[in-house]
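Residue numbers (our numbering): 10 to 734.
Right, one structure below, let's go through it.
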Amino acid sequence: MTQQNKAAAGRRPKAGDPSQAKQEQLAAFTSDNIPQLTTNQGLQIPDNHNSLKAGVRGPTLLEDFILREKITHFDHERIPERVVHARGAAAHGYFEVYKSMSQFTAAEFLQDPAVKTPVFVRFSTVAGSRGSADTVRDVRGFAVKFYTQQGNYDLVGNNIPVFFIQDAMKFPDLIHAVKAEPHNEIPQAASAHDSFWDFASLMPESTHMLMWAMSDRAIPRSLRMMEGFGVHTFRFVNARGESHFVKFHWKPKLGIHGLAWDEAQKIAGKDPDFHRRDLWESIENGNFPEWELGVQMIPQDKEHAFGFDLLDPTKLVPEEMVPVQRIGRMVLNRNPDNFFAETEQVAFHPGHVVPGIDFSNDPLLQGRLFSYTDTQISRLGGANFHELPINKAVCPVHNFQRDGMHRQTIARGQVAYEPHSLIDGKEFRIDGGSAGFQSFPEEIDPPKVRRRSPSFDDHFTQARLFFNSQSVAEKEHIVAAFRFELSKVDTPGVRQRMVDNLAHVDEKLARRVAEVLGINAPDAKAAAGRPGYRDHRMTMPIDESPALSMQDTGDGSVKTRKVAIVVADGIDSASLKAVREGIEQAGAKCMVIGPRLGTVASASKRQVDVDGTFANMPSIMFDAVLVPAGAAGVATLQANGDALHFVLEAYKHCKAICAIGEGVQMLSSLGIGSDPKAAPPGVVVAATPVTNLGDATAALQIAQDFVAAIGKHRHWERAVDGVPA
Ligand code: HDE
Numbered sequence: 010m011t012q013q014n015k016a017a018a019g020r021r022p023k024a025g026d027p028s029q030a031k032q033e034q035l036a037a038f039t040s041d042n043i044p045q046l047t048t049n050q051g052l053q054i055p056d057n058h059n060s061l062k063a064g065v066r067g068p069t070l071l072e073d074f075i076l077r078e079k080i081t082h083f084d085h086e087r088i089p090e091r092v093v094h095a096r097g098a099a100a101h102g103y104f105e106v107y108k109s110m111s112q113f114t115a116a117e118f119l120q121d122p123a124v125k126t127p128v129f130v131r132f133s134t135v136a137g138s139r140g141s142a143d144t145v146r147d148v149r150g151f152a153v154k155f156y157t158q159q160g161n162y163d164l165v166g167n168n169i170p171v172f173f174i175q176d177a178m179k180f181p182d183l184i185h186a187v188k189a190e191p192h193n194e195i196p197q198a199a200s201a202h203d204s205f206w207d208f209a210s211l212m213p214e215s216t217h218m219l220m221w222a223m224s225d226r227a228i229p230r231s232l233r234m235m236e237g238f239g240v241h242t243f244r245f246v247n248a249r250g251e252s253h254f255v256k257f258h259w260k261p262k263l264g265i266h267g268l269a270w271d272e273a274q275k276i277a278g279k280d281p282d283f284h285r286r287d288l289w290e291s292i293e294n295g296n297f298p299e300w301e302l303g304v305q306m307i308p309q310d311k312e313h314a315f316g317f318d319l320l321d322p323t324k325l326v327p328e329e330m331v332p333v334q335r336i337g338r339m340v341l342n343r344n345p346d347n348f349f350a351e352t353e354q355v356a357f358h359p360g361h362v363v364p365g366i367d368f369s370n371d372p373l374l375q376g377r378l379f380s381y382t383d384t385q386i387s388r389l390g391g392a393n394f395h396e397l398p399i400n401k402a403v404c405p406v407h408n409f410q411r412d413g414m415h416r417q418t419i420a421r422g423q424v425a426y427e428p429h430s431l432i433d434g435k436e437f438r439i440d441g442g443s444a445g446f447q448s449f450p451e452e453i454d455p456p457k458v459r460r461r462s463p464s465f466d467d468h469f470t471q472a473r474l475f476f477n478s479q480s481v482a483e484k485e486h487i488v489a490a491f492r493f494e495l496s497k498v499d500t501p502g503v504r505q506r507m508v509d510n511l512a513h514v515d516e517k518l519a520r521r522v523a524e525v526l527g528i529n530a531p532d533a534k535a536a537a538g539r540p541g542y543r544d545h546r547m548t549m550p551i552d553e554s555p556a557l558s559m560q561d562t563g564d565g566s567v568k569t570r571k572v573a574i575v576v577a578d579g580i581d582s583a584s585l586k587a588v589r590e591g592i593e594q595a596g597a598k599c600m601v602i603g604p605r606l607g608t609v610a611s612a613s614k615r616q617v618d619v620d621g622t623f624a625n626m627p628s629i630m631f632d633a634v635l636v637p638a639g640a641a642g643v644a645t646l647q648a649n650g651d652a653l654h655f656v657l658e659a660y661k662h663c664k665a666i667c668a669i670g671e672g673v674q675m676l677s678s679l680g681i682g683s684d685p686k687a688a689p690p691g692v693v694v695a696a697t698p699v700t701n702l703g704d705a706t707a708a709l710q711i712a713q714d715f716v717a718a719i720g721k722h723r724h725w726e727r728a729v730d731g732v733p734a
């Protein structure tokens, strides 16, 4: 680790010590030296409650410079929100490489496993405004800023590996179509409206990305449980100037998991901060989210070996064709101290690269290289946004750029130009040798054209590959998502055009989507006759790519999963104890949910603390539900509509459910199969209260079965169409 890196890492508060900032604040306020309120000039303020008036009942005086300063500052507190990715949450952490990548890249932060490079990561939704809900159906931004000794490197990616469009020229159109419609600003943070599907149906190149956006990838269970992708093809360049094309991946340790769509919509109302709260709390609790950085590397001379174009951002490189090598890991271990100063003011840019990482000619990436600095200038108020603490490089920065709004640096001396000789009489030179960033000297000598490469003309093969690679349940969710979205489109012609396009992905998919939309059966030929349609089919050597499915990802761990224990007066608390312990030992968090806050009295007159109510902590806040034993308690629960809804809704959302003793009757009364030998997938039934089993091993077994069921995330194979929750 270099000295500077050590210093940078050392400056940061101890990882996982959430109380540090609070303690510092508390210390300041409890010492004898309580900080005085002052104006921004440092003038002590004697009274922060009353403005200066002509008499106690008289008008406020313009003279009140203290009031004026305070109100003026308040009036200017807001800055423009990001034009896309406005809603986000972020965290600090570090990245470390497993072994030197010098064979492929000269990037210094990818050389030494002993170096911990500080990172700041911002996750976001794309379409919604800053105050919109977290769990909407949308792509998630996954932007990582590495504070390296060679300058800041930003990997500004998404949780979906392809994009809607192939050329930056279409980006403003895409965003205008997907954001709320301009005449009435409806709907907020949703793609389910006419203008988005109008555009998408007229841009068949978006079909592959639409398949991903309609999958559960677009409604993640947690920001900690999603993949990240650099999307474009980049280059690694080593010290000898040799280049490999590279695709970047972030692989989450916890696997890739989604919500149920009904659940996602309900959470958007009940807890719009669901994802940012989850990220914040897991870091506060020391459960640091972790990803591995993966790369797919393709030698320069294999550029044309794939049947699709590596420069086309609507295509991915299947992992079965080029394996992902995991080269390092990233851990997020510190929450920001101040949302505005860090999460809001952070300025990412795909053009923030370091020596050894370079661009490809992907026309979408090329456009991005312009956009990001440009947008920061209006969003952050000028050209000096790189001086904000969160954006500042940790290595020395030296150039002759000067002045501008809010300049922090005080540049000294007479010389603000280059070349120069006035400083010490010698000529100042920039090292023109091999040091610093060198663009890969790709040979280019083409004519100027405003055209799309014909190698970008296949719009459906990879959409089909994605669909073919999904599990049965995942396919069902995609059908349901298309149905939902298109049913929100008022214009039948748009619905028709979209299903006609889908017929080129999968005939059955298109037919099933069309069935509920009050339109004609999909017409592949009609789609093929429309402008924008291209189907220059490329040969893919594979029909399926298992790596594209979310099923069975992660290590089955239940760490940080949330389990609700439903209670009422008369519950058998003893029956709970061993099972609860087993769940908590496995790393899940249990919360007791009842009809009211405070306590309920167990059958043996013990007071059981209640953490939340059926109303304020509904089942959608949990991954699993435990119904304990106790005849009186279960009878009370069965008479409570909210409690019944709680369990049934969790069942409908395919969550793990465990019932013990009389709790099993509650399942039966809800129509949930409760025969221990033939319980539905993910339902663990112990007809005898654990306490009566007289055997700790039996309790342990129930806990283990329940933990295993929670570890599978959701039991999507469960038949729940008829469940009325
Ligand atoms: Fe962005 N994008 N983008 N984008 N993007 C922005 O920059 C843009 C694209 C992505 O957490 C903006 O600072 C253009 C692809 C993320 O702060 C803006 C094009 C991918 C974030 C912008 C694209 C992304 C942004 C808005 C097509 C995945 C949030 C605010 C040529 C690889 C970063 C800002 C954060 C943000 C422009 C396409 C990812 C306007 C012109 C493809 C994760 O500059």
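Using N, Cα and C, we set each Cβ at its ideal position, and we do this for glycine too.
Any idea what DSSP makes of Met158, helix, strand or coil?
-> As a working note, residue 158 is residue 149 in the sequence shown. The displayed chain sequence assigns Gln, not Met, to residue 158. Assigned with DSSP and collapsed to three states, Gln158 falls in strand.
What first and last residue would you give for the beta strand (DSSP E) that runs through Ile666?
-> Along the sequence shown, one-based indexing puts residue 666 at 657. Start and end: 665 to 669.
Minimum C-alpha distance to Phe205 - residue among Gln410, Met178, Asp225, Phe173 | In the sequence shown, counting from the first residue as 1, residue 205 sits at position 196. Looking at the Cα atoms, Phe173 is the closest of the given residues.
Taking Tyr381 as the reference, which of Ala356, Arg521, Cys663 has the closest Cα?
-> Looking up residue 381 in the sequence shown gives position 372. When each option's Cα is compared against that of Tyr381, the closest is Ala356.
May I have the straight-line CA-CA distance separating Ile419 from Thr352, to the nearest angstrom?
-> For the purposes of this step, residue 419 is identified with residue 410 of the sequence shown, where counting begins at 1. For the purposes of this step, residue 352 is identified with residue 343 of the sequence shown, where counting begins at 1. About 26 Å.
Can you tell me where the beta strand (DSSP E) with Trp259 in it begins and where it stops?
-> Position 250 of the sequence shown, counting from 1, holds the residue named residue 259. Under the DSSP assignment, Trp259 falls in the beta strand (DSSP E) whose first and last residues are 252 to 261.
For His94, which residues from the same chain have a beta carbon less than 6 Å from its beta carbon, with the 5 sequence-adjacent residues on both sides left out?
-> As a working note, residue 94 is residue 85 in the sequence shown. Only Ser133, Val135, Gly150 meet the Cβ criterion.
Identify the residues that DSSP records as bridge partners of Ile602: which are they?
-> Here residue 602 corresponds to residue number 593 of the sequence shown, with the count starting at 1. Val575, Gly621.
Arg492 lies in the alpha helix (DSSP H); which residues open and close that run?
-> Reading the sequence shown from its first residue, position 483 is the one you call residue 492. That run of the alpha helix (DSSP H) goes 481 to 496.
With respect to 8 Å, is the separation between the Cβ of Leu373 and the closest non-hydrogen atom of the ligand HDE below this value?
-> As a first step, residue 373 is located in the sequence shown; it is residue number 364 there, counting from the start. Yes, the Cβ of Leu373 comes within 8 Å of a heavy atom of the ligand HDE.
Quick one: is the Cβ of Ala222 within less than 8 Å of any heavy atom of the ligand HDE?
-> What you label residue 222 is simply residue 213 of the sequence shown in a count that begins at 1. Ala222 Cβ: outside cutoff for every heavy atom of the ligand HDE.
Quick one: residues in its chain with C-beta nearer than 8 Å to the C-beta of Ala717, no 5 flanking neighbours on either side, listed in chain order?
-> Within the sequence shown, residue 717 is the residue found at index 708, counting from 1. Result list for Ala717: Gly565, in chain order.
Could you tell me whether the segment 657 to 670 touches the segment 679 to 699, using the rule of 3 or more Cβ pairs below 8 Å?
-> Taking a contact to require three or more Cβ pairs closer than 8 Å, the segment 657 to 670 and the segment 679 to 699 qualify as touching.
Look at the Cβ atom of Glu301, then the Cβ atom of Lys256, and state whether they are nearer than 9 Å.
-> Against the sequence shown, residue 301 aligns to sequence position 292. Against the sequence shown, residue 256 aligns to sequence position 247. Against a cut-off of 9 Å, the Cβ pair of Lys256 and Glu301 comes out as no contact.
Beta-carbon proximity of Leu676 to Val732, cut-off 9 Å = Sequence index remark: in the sequence shown, residue 676 carries index 667 (1-based). Sequence index remark: in the sequence shown, residue 732 carries index 723 (1-based). Going by C-beta atoms, Leu676 is not nearer than 9 Å to Val732.
Taking 8 Å as the line, does the beta carbon of Ala4 fall inside it for any heavy atom of the ligand HDE?
-> Outside the shown range of the chain, which is 10 to 734, sits residue 4, and nothing can be said about it.
Considering only C-alpha positions, which residue in the set Met220, Asn625, Thr126 is nearest to Arg146?
-> Looking up residue 146 in the sequence shown gives position 137. For the options Met220, Asn625, Thr126, the alpha carbon positioned closest to that of Arg146 is the one of Met220.
How big is the Cα-Cα spacing for Asp346 and Glu524?
-> Taking the first residue of the sequence shown as position 1, residue 346 is located at position 337. Taking the first residue of the sequence shown as position 1, residue 524 is located at position 515. When rounded, the separation of the alpha-carbon atoms in Asp346 and Glu524 is 51 Å.
Inter-stretch contact at 8 Å, needing at least 3 Cβ pairs: the segment 572 to 582 / the segment 609 to 616 | yes
Buried or exposed (CB count within 10 angstroms, at least 16 for buried), Phe379 | Position 370 of the sequence shown, counted from the first residue, corresponds to residue 379. Phe379 is exposed by the Cβ-count criterion.
What do you reckon, is the C-beta of Asn167 under 8 Å from a heavy atom of the ligand HDE?
-> As a working mapping, residue 167 is identified with position 158 in the sequence shown. Yes, the beta carbon of Asn167 sits closer than 8 Å to at least one heavy atom of the ligand HDE.
The ligand HDE heavy atom lying under 8 Å from the CB of Tyr381 = As a working note, residue 381 is residue 372 in the sequence shown. Remark: the shortest separation between the CB of Tyr381 and any heavy atom of the ligand HDE falls under 8 Å.
Using 8 Å as the threshold, is the segment 553 to 560 in touch with the segment 321 to 328, meaning 3 or more CB pairs across them?
-> yes
Closer than 7 Å by C-beta to Glu214: which residues in its own chain qualify, once you throw out the five before and the five after it? Chain order, please.
-> The residue labelled residue 214 in the question sits at position 205 within the sequence shown. Leaving aside the five residues that flank Glu214 on each side, the residues in its chain whose CB is nearer than 7 Å to its CB run, in chain order, Ile174, Gln175, Thr323, His468.
Report the residue from Phe475, Trp270, Gln274, Glu593 whose alpha carbon sits nearest the alpha carbon of Gln197.
-> Numbered from 1 along the sequence shown, position 188 holds the residue referred to as residue 197. Out of Phe475, Trp270, Gln274, Glu593, the CA that lies nearest to the CA of Gln197 is found in Gln274.
His724 versus Ala482: straight-line alpha-carbon distance, rounded = Reading the sequence shown from its first residue, position 715 is the one you call residue 724. Reading the sequence shown from its first residue, position 473 is the one you call residue 482. So the alpha carbons of these two residues sit roughly 9 Å apart.
Rounded to whole angstroms, what's the CA-CA distance from Ala705 to Val588? Just pull it up for me.
-> Sequence index remark: in the sequence shown, residue 705 carries index 696 (1-based). Sequence index remark: in the sequence shown, residue 588 carries index 579 (1-based). If I take the Cα positions, the gap works out to 10 Å.
Curious, which full-length beta strand (DSSP E) runs of at least 3 residues does the segment 281 to 350 contain?
-> 299 to 308, 334 to 343
Please go through the segment 627 to 711 and give each complete beta strand (DSSP E) segment of 3 or more residues, from N-terminal end onward.
-> 633 to 636, 665 to 669, 692 to 695
Going by CA-CA distance only, name the one from Thr569, Ala597, Asp544 that's closest to Ile292.
-> As a first step, residue 292 is located in the sequence shown; it is residue number 283 there, counting from the start. Of the listed residues, the one whose Cα sits closest to Ile292 is Thr569.
Is it true that the CB of Val187 sits closer than 9 Å to the CB of Asn168?
-> Working through the sequence shown from its first residue, we reach residue 168 at position 159. Working through the sequence shown from its first residue, we reach residue 187 at position 178. Not closer than 9 Å, so no.
Could you give the uninterrupted runs of the alpha helix (DSSP H) lying entirely in the segment 167 to 246, keeping only those of 4 residues or more?
-> 180 to 187, 203 to 211, 216 to 222
Measure the C-alpha to C-alpha separation of Lys15 and Phe297 and round it to an integer number of angstroms.
-> If you number the sequence shown from 1, residue 15 lands on position 6. If you number the sequence shown from 1, residue 297 lands on position 288. Interpretation of Lys15 is limited by its pLDDT of 38, a score under 50 that renders its predicted location unreliable; the figure taken from the coordinates is listed afterwards. C-alpha separation (whole angstroms): 21 Å.
How is the alpha helix (DSSP H) around Ser584 delimited, first residue to last?
-> Working through the sequence shown from its first residue, we reach residue 584 at position 575. Its alpha helix (DSSP H) spans residues 582 to 594.
For Asn510, count neighbouring C-beta atoms within 10 Å of its own C-beta (all shown protein chains included) and say buried if the count is 16 or more, exposed if not.
-> Taking the first residue of the sequence shown as position 1, residue 510 is located at position 501. With 16 or more other Cβ atoms within 10 Å, it is buried.
Quick one: what's got a C-beta closer than 7 Å to Pro308's C-beta in the same chain, skipping five residues either side?
-> In the sequence shown, residue 308 corresponds to position 299, counting from 1. The residues are His253.
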